[in-house]
Amino acid sequence: MSEPLLYVSDLSVRYSKRREETIALRDVSFSLGKEIVTIIGPSGSGKSSLLHTLAGIIRPSKGTLQLSGVPLSPRTHQIALVPQQYGLFPWKTVRESIHLPAALGKRIVSSDLQEEILTTLSLTDLLDRYPSELSGGQCQRVALARAFIMKPDLLLLDEAFSALDVATASRSRQLFLELWQRYPTPTLCVTHSPVEATTLSERTLLIGGKPGTLLADHRGATASMLEDELRHLDEVL
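Numbering (the numbering used here), first residue to last: 1 to 237.
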């Protein structure tokens with residue numbers, strides 16, 4: 001188990017939507033080292049809200065977030081978020097897409113790092129294509145390349161493989177894990193799949209309820225154990 005780098009303490013999140021206030025999360029606390037941790041729970045339990053709060057998209061209503069000893073902030077840290085639908089701009093080529101975060105942050109990307117990531121993800125021959133010219137699996141690989149080229153301090157995946165067919169998702173997960181082993185960083189992966197949760201990580205956070213709370217922090221849970229817990233939550237909520 002790696003030394004904790006990210007500390008989430010008593011995090012609560014509420015926001016207004018269509019003049020109605022929603023309490024998404026209440027008193028969530030956990031720590032994260034240089035490891036992959038998956039997050040699973042019923043729909044509407046606040047999983048995506050948690051990632052969006054860590055990414056700086058949603059402002060927490062209570063609690064503290066610290067990474068490497070200082071308050072977590074996109075202004076201070078490199079935070080990469082890989083969304084379910086890839087987050088690619090249709091008017092930008094693959095080359096432009098993977099360089100966008102570095103360009104916005106006025107950072108220089110190592111050519112060796114870029115070449116290794118593009119080669120690993122088989123993107124070298126696709127650099128001048130647009131998203132409309134790519135398959136779902138190729139779009140996913142572009143999103144992963146963009147995230148890893150940032151050399152993020154914190155990597156967030158929000159159901160990043162759920163839009164892919166079974167075979168493509170399996171291959172994309174393998175490529176993600178291969179890259180992560182080369183460039184490890186604190187990583188949180190939201191998923192709806194117990195099988196995916198246990199494939200990506202030995203540690204899984206179970207979030208449930210409305211508002212969402214952290215119900216369990218599992219190490220070594222099997223997919224069937226997580227399926228049973230999700231089934232129970234669906235029955236009682």
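Beta carbons: idealized from backbone N, C-alpha and C, even for Gly. Small disclaimer: the values here were computed from a predicted structure and weren't measured.
If contacts are defined as beta-carbon pairs under 8 Å, then residue i and residue j qualify, I think. What distance do you get, rounded to the angstrom?
i	j	result
L11	V28	4 Å
G137	R95	Not confirmed; about 18 Å, so no contact.
L230	I40	7 Å
L132	P83	As written in the sequence, residue 132 is Ser, which differs from the Leu given in the question. With a Cβ gap of about 18 Å, S132 and P83 do not count as contacting.
T191	T38	6 Å
S2	G33	3 Å
L65	P74	Incorrect: roughly 11 Å between the Cβ atoms, too far for contact.
L206	L215	5 Å
L226	A197	6 Å
L233	P42	5 Å
R203	E21	Contact doesn't hold; Cβ gap of about 32 Å is too wide.
Mapping the DSSP letters down to three states, classify residue i as helix, strand or coil.
i	result
S12	strand
F30	strand
L25	strand
P42	coil
P60	coil
S268	What the structure shows of the chain is the stretch from 1 to 237, and residue 268 is not part of that stretch, so it cannot be assessed.
R95	helix
R129	coil
L121	coil
L54	helix
L230	helix
S48	helix
L134	coil
S224	helix
S111	helix
DSSP beta-bridge partners for residue i?
i	result
P101	Beta-bridge pairing links P101 to no other residue.
E20	K17
H218	T204
Q66	Y7 and P71
V37	L188 and R203
L88	Bridge partners of L88: none, in fact.
I79	L154
T213	G208
(request) Count the C-beta pairs between the region 15-28 and the region 155-169 that are closer than 8 Å, then say yes if the count reaches three, no if not. (result) Judged by Cβ distances under 8 Å, the region 15-28 makes no contact with the region 155-169, as fewer than three pairs qualify.
(request) Counting only runs of 4+ residues fully inside the region 146-198, write out the alpha helix (DSSP H) ranges in chain order. (result) The DSSP assignment places 166-182 as complete runs of the alpha helix (DSSP H) inside the region 146-198, in order along the chain (cut-off: 4 residues).
(request) Assess, as a yes-or-no matter, whether the region 150-159 is touched by the region 72-89 under the definition of 3 or more beta carbon pairs within less than 8 Å. (result) Yes, since at least three Cβ pairs between the region 72-89 and the region 150-159 fall closer than 8 Å, the two stretches touch.
(request) Decide if the region 183-192 is in contact with the region 216-225; the criterion is three or more beta carbon pairs, one per stretch, under 8 Å apart. (result) Short answer: they don't touch.
(request) Kindly confirm or deny that the region 139-149 and the region 176-185 touch, where touching means at least three C-beta pairs closer than 8 Å. (result) Yes, since at least three Cβ pairs between the region 139-149 and the region 176-185 fall closer than 8 Å, the two stretches touch.
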